[in-house]
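Worksheet: the structure to be examined is printed underneath.
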Amino acid sequence: MPPQGTTISGPPGGLLPVWRRHVARAGIVFLIIFIAALFGIFTRPVGFLAAVWPANAILLGLMLRWKGMAGPAGWVGAAAGYVLADCLTGSPLDVSLWMTVANMAGVAVGVLLLRRLTPAQLALTRSSGVVALAGTALAVATVGAGLGCQAEAVLFGRSPVEAFGNWFGADLLNVMAILPVILTMPERLGAPSVPPALPPRPERRRRPPILRPAETDPWRWAPAAALALSLLATVLVGGAGALTFPVPALLWCALRYRPFGTAVLVLVSALAMVLMVSAGHVHLAPAIPREDMISIRIGITLTALAPLTVVAVTASREELMGRLHHAATHDGLTGTLARAAFMEKARALTDRLAGEGRPAAVITVDADHFKRVNDNWGHPAGDRVLARLAGVMQASLRREDLLGRIGGEEFAVLLADVDGVEARRIAVRLLDAIRSVEVPLGPGDETYCGSASLGVALVTPDGTGLEAALAAADRAMYRAKQNGRNRVEMA
Numbered sequence: 079m080p081p082q083g084t085t086i087s088g089p090p091g092g093l094l095p096v097w098r099r100h101v102a103r104a105g106i107v108f109l110i111i112f113i114a115a116l117f118g119i120f121t122r123p124v125g126f127l128a129a130v131w132p133a134n135a136i137l138l139g140l141m142l143r144w145k146g147m148a149g150p151a152g153w154v155g156a157a158a159g160y161v162l163a164d165c166l167t168g169s170p171l172d173v174s175l176w177m178t179v180a181n182m183a184g185v186a187v188g189v190l191l192l193r194r195l196t197p198a199q200l201a202l203t204r205s206s207g208v209v210a211l212a213g214t215a216l217a218v219a220t221v222g223a224g225l226g227c228q229a230e231a232v233l234f235g236r237s238p239v240e241a242f243g244n245w246f247g248a249d250l251l252n253v254m255a256i257l258p259v260i261l262t263m264p265e266r267l268g269a270p271s272v273p274p275a276l277p278p279r280p281e282r283r284r285r286p287p288i289l290r291p292a293e294t295d296p297w298r299w300a301p302a303a304a305l306a307l308s309l310l311a312t313v314l315v316g317g318a319g320a321l322t323f324p325v326p327a328l329l330w331c332a333l334r335y336r337p338f339g340t341a342v343l344v345l346v347s348a349l350a351m352v353l354m355v356s357a358g359h360v361h362l363a364p365a366i367p368r369e370d371m372i373s374i375r376i377g378i379t380l381t382a383l384a385p386l387t388v389v390a391v392t393a394s395r396e397e398l399m400g401r402l403h404h405a406a407t408h409d410g411l412t413g414t415l416a417r418a419a420f421m422e423k424a425r426a427l428t429d430r431l432a433g434e435g436r437p438a439a440v441i442t443v444d445a446d447h448f449k450r451v452n453d454n455w456g457h458p459a460g461d462r463v464l465a466r467l468a469g470v471m472q473a474s475l476r477r478e479d480l481l482g483r484i485g486g487e488e489f490a491v492l493l494a495d496v497d498g499v500e501a502r503r504i505a506v507r508l509l510d511a512i513r514s515v516e517v518p519l520g521p522g523d524e525t526y527c528g529s530a531s532l533g534v535a536l537v538t539p540d541g542t543g544l545e546a547a548l549a550a551a552d553r554a555m556y557r558a559k560q561n562g563r564n565r566v567e568m569a
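What the sequence shown shows, in the numbering used here, is residues 79 to 569, in sequence order.
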């Protein structure tokens with residue numbers, strides 16, 4: 079018997095999966111942060127902080143994109159990863175704990191600031207999202223440097239002001255270079271989905287996450303190649319201005335690639351430059367001492383900010399154009415293609431099929447007794463009926479089929495690569511779906527039970543064209559109405 083006052087909210091084994099989830103999350107975060115921290119430590123020049131410290135930016139990205147990681151288990155796993163990596167590489171435990179607190183405090187500030195953004199801002203498809211990212215990077219770097227500069231001063235024997243500057247510059251660069259890759263990572267690469275800005279379009283093919291839709295030419299990789307050449311020129315030419323060589327190529331990448339692709343190239347460019355400078359491969363002006371890495375890191379950060387802003391503005395503009403195109407080509411009530419868009423797409427498809435000697439078919443669908451619904455229960459009820467009918471028809475069609483609203487209660491369907499038998503089978507499937515529809519019409523028990531008359535006609539490669547086939551399907555549809563409605567007739 080449980081003690082008095084104890085509440086058991088589930089079966090005895092119900093808590094085990096919860097604990098397993100917490101342990102799994104802690105273990106995943108621990109492993110990722112441990113590896114990232116070790117990588118950063120191994121890039122540390124003698125007497126300096128790490129040239130690249132990805133752990134903070136990765137932890138911030140994990141907690142923003144995978145909400146479950148932001149719980150206590152995630153923080154515990156991260157702390158263990160930081161401390162173990164530092165201790166294994168020779169740092170005293172007290173200094174390691176101090177630096178871990180500084181690292182995690184900066185990440186906590188970043189989570190608090192960025193979790194307030196909208197999904198579009200967080201995905202860096204709004205310029206305001208890039209501004210928020212830059213402000214957050216400043217806050218993360220300031221908090222981390224403010225708390226960790228004393229530990230760095232103890233560890234490397236330098237003044238707190240110099241230690242603050244080194245920590246600040248490193249954190250600022252790492253957040254601005256690494257975090258955008260995680261925030262813009264597409265769902266297909268393992269990141270959780272971001273709510274779409276537009277309704278799904280079944281006729282649209284999935285494309286690689288890096289390229290823009292129009293880019294299928296062999297020159298699509300030219301911006302990335304230009305970036306590689308500019309990085310090579312940075313090493314070969316050298317000088318104080320060498321760090322700006324990649325800027326034009328990065329801006330070109332931002333104009334041609336999607337946010338994720340641009341973020342990846344920005345990361346590669348930033349890491350390459352900071353590692354080349356740290357290793358002495360970029361010959362800067364003799365007057366620039368090694369201690370001025372803070373200035374170099376801030377300069378590289380600003381170099382990264384420009385393409386991220388450009389790609390955000392470009393993505394926002396493309397989304398707006400997509401919304402306008404969707405509104406112009408789709409029926410606002412049913413979500414199907416509007417008449418003009420349906421005819422345009424159908425003509426293009428039938429012309430292509432005819433050129434390849436492949437058949438097609440059209441189906442016209444007219445909702446039975448629809449005028450009675452509008453007259454007796456009003457247009458809002460009629461709108462609900464049309465929207466429901468369109469939904470079940472779209473769900474019953476193949477992905478490549480076209481569905482459009484071509485009149486008040488009349489729809490048309492274009493089917494590719496079907497003969498008469500297959501076209502009739504699809505039409506019967508559509509009618510069965512329509513018959514399953516029940517739409518409440520008013521405050522009482524009145525319900526519209528789905529009913530429609532369908533006409534089917536073939537579009538042949540060497541015979542009937544699209545317009546003639548639609549006219550024949552219309553005649554077959556009216557014959558279905560004359561023969562009792564709620565049926566399919568072949569032309």
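A virtual CB, placed ideally from N, CA and C, is assigned to each residue, including glycine. Keep in mind it's a predicted model, so treat the numbers as computed, not measured.
Linking G222 to S474 through their CA atoms gives a straight-line distance of about 56 Å. At least 8 Å separates the beta-carbon of A530 from that of A550. Residue nearest to Y160 within the set G146, K145, V185 and L142 is V185 (criterion: CA-CA distance).
The Cβ atoms of P132 and F117 lie closer than 8 Å to each other.
When the alpha-carbon of S205 is set against those of V96, E397, T121 and R98, the nearest one is in E397. Counting C-beta atoms within 10 angstroms of its own C-beta, G226 has 16 or more neighbours from the protein chains shown and is therefore classed as buried. Assigned with DSSP and collapsed to three states, M263 falls in coil, not helix or strand. For L314, the enclosing alpha helix (DSSP H) has its first and last residue at A300 to V315. The DSSP-derived three-state label of S514 is coil.
Within the DSSP bridge table, the entry for R483 names F489 as partners. Taking D479 as the centre and dropping the five residues before and after it, the same chain places the C-beta of V491, L492 and L493 closer than 7 Å to its C-beta, in chain order.
In the DSSP assignment, E567 forms a beta bridge with G533. Beta-bridge partners assigned by DSSP to H408: L415.
DSSP places V440 in the strand class (E or B) of the three-state scheme.
For T525, the enclosing beta strand (DSSP E) begins and ends at T525 to C527. The C-beta distance from A217 to V179 rounds to 16 Å, too long to fall under 8 Å, and the pair is not in contact. In this structure the stretch 405-417 does not touch the stretch 494-503; the number of beta carbon pairs closer than 8 Å is below three. Residues of the same chain with a CB within less than 6 Å of the CB of A163, apart from the 5 flanking positions on each side, are F112, A115 and L116 in chain order. Between L202 and P258, the beta carbon gap of about 6 Å places them in contact (Cβ cut-off 8 Å). A check of alpha carbon separations from M182 across A384, V107, E434 and V239 identifies V107 as the nearest.
Rounded to the nearest whole angstrom, the CA to CA distance from I110 to N244 is 24 Å. Here the stretch 381-401 makes contact with the stretch 336-355; the two share three or more CB pairs at distances below 8 Å. In the DSSP assignment, P337 falls within the unbroken alpha helix (DSSP H) covering P337 to S356. Taking all protein chains shown into account, L386 has 16 or more neighbouring C-beta atoms within 10 Å of its C-beta and is therefore buried.
The shortest CA-to-CA distance from M555 to any of L508, T442 and G433 is the one to T442. For A128, the secondary structure class from DSSP, reduced to helix, strand or coil, is coil. The C-beta of S237 has fewer than 16 other C-beta atoms within 10 Å across all chains shown, which makes the residue exposed. G543 is the residue among G543, S356 and I260 whose C-alpha sits nearest the C-alpha of R430. Between A215 and L195, the C-beta gap is not smaller than 8 Å, which leaves the two residues out of contact.
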